[in-house]
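Asker:
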Amino acid sequence: MRPISPKIEVVGQPASQEQAKLKQACQDFESLLLAQVWRAMQSTLQQKPERGNMVEMFDLQFAEGLAKAGGIGLADSLQRQLAYLQAKETKDE
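For the sequence shown, this note's numbering assigns the number 228 to the initial residue and increments by one for each residue that follows.
1) Mind checking which residues open and close the alpha helix (DSSP H) that includes S258?
2) So L301 is in the alpha helix (DSSP H); what residue range does that whole segment cover?
3) Quick one: measure Cβ to Cβ for E257 and G298, integer angstroms, because I've assumed they're closer than 8 Å.
4) Going by DSSP in three states, G292 sits in which element: helix, strand or coil?
5) Pick out whichever of S243, E245, K250 and Q244 has its Cα sitting closest to the Cα of S304.
6) Can you grab the Cα-Cα spacing for the pair W265 / D319, in whole Å?
Printed below as a string of structure tokens:
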């Protein structure tokens with residue numbers, strides 16, 4: 228079992244601008260992944276061609292909102308792992 232590093236910040240409360248940027252990048256990544264999954268699921272349905280742009284904008288907003296609301300937990304897990312690796316790298320220097 229690894230000890231908890233004091234350099235790893237609480238996920239919900241970024242203490243620095245760097246942690247806030249990391250959190251945003253992780254949410255953006257999860258949002259893009261969710262949008263791709265959502266589009267793949269929708270591609271199995273019959274679509275009306277005239278709704279193309281509207282559906283695409285909805286998909287992006289839906290995925291972004293889902294990621295910001297916690298999504299599937301990927302952003303939080305990714306942020307924790309990257310923060311751990313970052314703290315480990317800083318400690319080794």
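Just so you know, even glycine gets a beta-carbon here, dropped at the ideal spot from N, CA and C.
Answerer: Inspection of the coordinates gives the following:
1) One-based indexing of the sequence shown puts residue 258 at position 31. Residues Q244 to Q269.
2) On the sequence shown, position 74 is the one that residue 301 refers to. Its alpha helix (DSSP H) spans residues L301 to D319.
3) Locating residue 257 in the sequence shown gives position 30, where the first residue counts as 1. Locating residue 298 in the sequence shown gives position 71, where the first residue counts as 1. Confirmed, about 5 Å.
4) Indexing the sequence shown from 1 puts residue 292 at position 65. Helix at G292.
5) Residue 304 sits at position 77 when you count from the first residue of the sequence shown. Nearest C-alpha to S304: K250.
6) Mapped onto the sequence shown, residue 265 falls at position 38. Mapped onto the sequence shown, residue 319 falls at position 92. Rounded to whole angstroms, W265 to D319 spans 41 Å at the Cα level.
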